[in-house]
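Numbering (full-length UniProt numbering), first residue to last: 1 to 371.
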């Protein structure tokens, strides 16, 4: 184990020996857990041994912390990897062993081909089933809801109530400048839409239920066009994302890339259109988090002068085509883009809040100290 710029070979060696013994008995968690332990031990030992040493100013101390995070972030990325293979529908054991436990994404084929939705979900069919149903639709002036605005605020979309028929009219209106996206992540397929469409898809993913031992917390319907972008973020869910029609492009970064992604705390605001003009307003505590931690970098147009470490992040891009399903592991950072006329359904399974979550949260807190 090489640690830069400070060296703790004897202490780390003792810890690595005990971790190696543990990992041989628990092979499924060796990569991520060891990476997390390396990061946590090294940074905390650096803080304990070098905290506010005589003659070291705040700038130099922050740089020391940053150096530790960079060095160990690189090692953790190498251990974890970021490859996203395509696999035919796995068994529950294969899925658990090869993807869930090592926290590794994959695109799954052959899992949803028998869903009636694959054949039936035309706009005409959906309008017939849902036309008068009132839904919550996310609306923005630029297609970027839940995003950083002017490098100053985290801004959420306006949530507008309308019938599904009205949503279709707005979505396919060539003269409409505002961007409409059916993406309300509140279990909308089960709670808002219900049996009108649930009978066309599986209520859960059986091999995932068996692998995890429980069903999904939420099932969501997504419908939009190429103007809608979900900016880079992470979720605390095991996400199974099935594309019914159209195509989704996911830009992925493993949790181990966190030191290179520049998470930052932003004041939260929300879009609102009044009198034909778009405005933002501060979010009350009962409407959401007043301060939100979010990724500062736009992967499509990174400013390397401002965010130089982003060049070290381990990026994977994957396209999910109709009839395919992406397994997006918990805490993987992802930005999502799509083709026009895209419809998808995703299943959120709660993650296990174990050591991986604790390590990740600790590193995020240390990163905030360096800013």
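Each residue gets a CB set at the ideal place from its N, CA and C atoms; glycine is no exception. Just so you know, these numbers come straight off a predicted model, no measurement behind them.
Proximity to residue i [Cα-Cα], best of the options
i           : options            : result
residue 179 : 194, 236, 159, 353 : 159
residue 261 : 348, 283, 233, 153 : 233
residue 104 : 253, 355, 313, 114 : 253
residue 116 : 149, 323, 86       : 323
residue 207 : 90, 124, 263       : 90
residue 132 : 161, 223, 268, 275 : 161
residue 200 : 277, 122, 135, 145 : 122
residue 311 : 300, 320, 113, 360 : 300
residue 192 : 173, 73, 202, 218  : 218
residue 229 : 321, 239, 346, 182 : 182
residue 71  : 316, 257, 319, 146 : 257
residue 315 : 100, 66, 63, 80    : 80
Cross-strand partners of residue i (DSSP beta bridge)
i           : result
residue 326 : 107, 241
residue 148 : 154
residue 224 : 342
residue 181 : 138
residue 160 : 137
residue 337 : 249
residue 219 : 347
Check: residue i C-beta below 7 Å from any heavy atom of the ligand ADP
i           : result
residue 292 : This structure simply doesn't include the ligand ADP, nor any ligand for that matter.
Buried or exposed (CB count within 10 angstroms, at least 16 for buried), residue i
i           : result
residue 335 : buried
residue 265 : exposed
residue 143 : buried
residue 369 : exposed
residue 255 : buried
residue 236 : exposed
residue 24  : Any answer about residue 24 is weak, because its pLDDT of 36 lies below 50 and its placement is not dependable; what the coordinates show is given next. When all chains shown are included, residue 24 counts as exposed.
residue 337 : buried
residue 59  : exposed
residue 356 : buried
residue 128 : exposed
residue 269 : buried
Limits of the beta strand (DSSP E) - the one that residue i falls within
i           : result
residue 134 : 134–140
residue 88  : 86–88
residue 64  : That residue, residue 64, is in no beta strand (DSSP E); its alpha helix (DSSP H) goes 58–80.
residue 197 : No beta strand (DSSP E) contains residue 197, which is instead part of the alpha helix (DSSP H) from 195–198.
residue 233 : 230–233
Boundaries of the alpha helix (DSSP H) in which residue i is found, first to last residue
i           : result
residue 350 : No alpha helix (DSSP H) contains residue 350, which is instead part of the beta strand (DSSP E) from 342–350.
residue 93  : 92–95
residue 370 : 355–370
residue 168 : 164–171
residue 130 : 123–130
residue 212 : 206–212
residue 120 : 117–120
**Request:** Just list the beta strand (DSSP E) runs in the segment 248–334, keeping only unbroken ones of 3 residues or longer that don't cross its boundaries, in chain order.
**Result:** Note on the segment 248–334: whole beta strand (DSSP E) runs with a minimum of 3 residues are 248–253, 263–274, 277–282, 291–295, 316–320, 325–328, in chain order.
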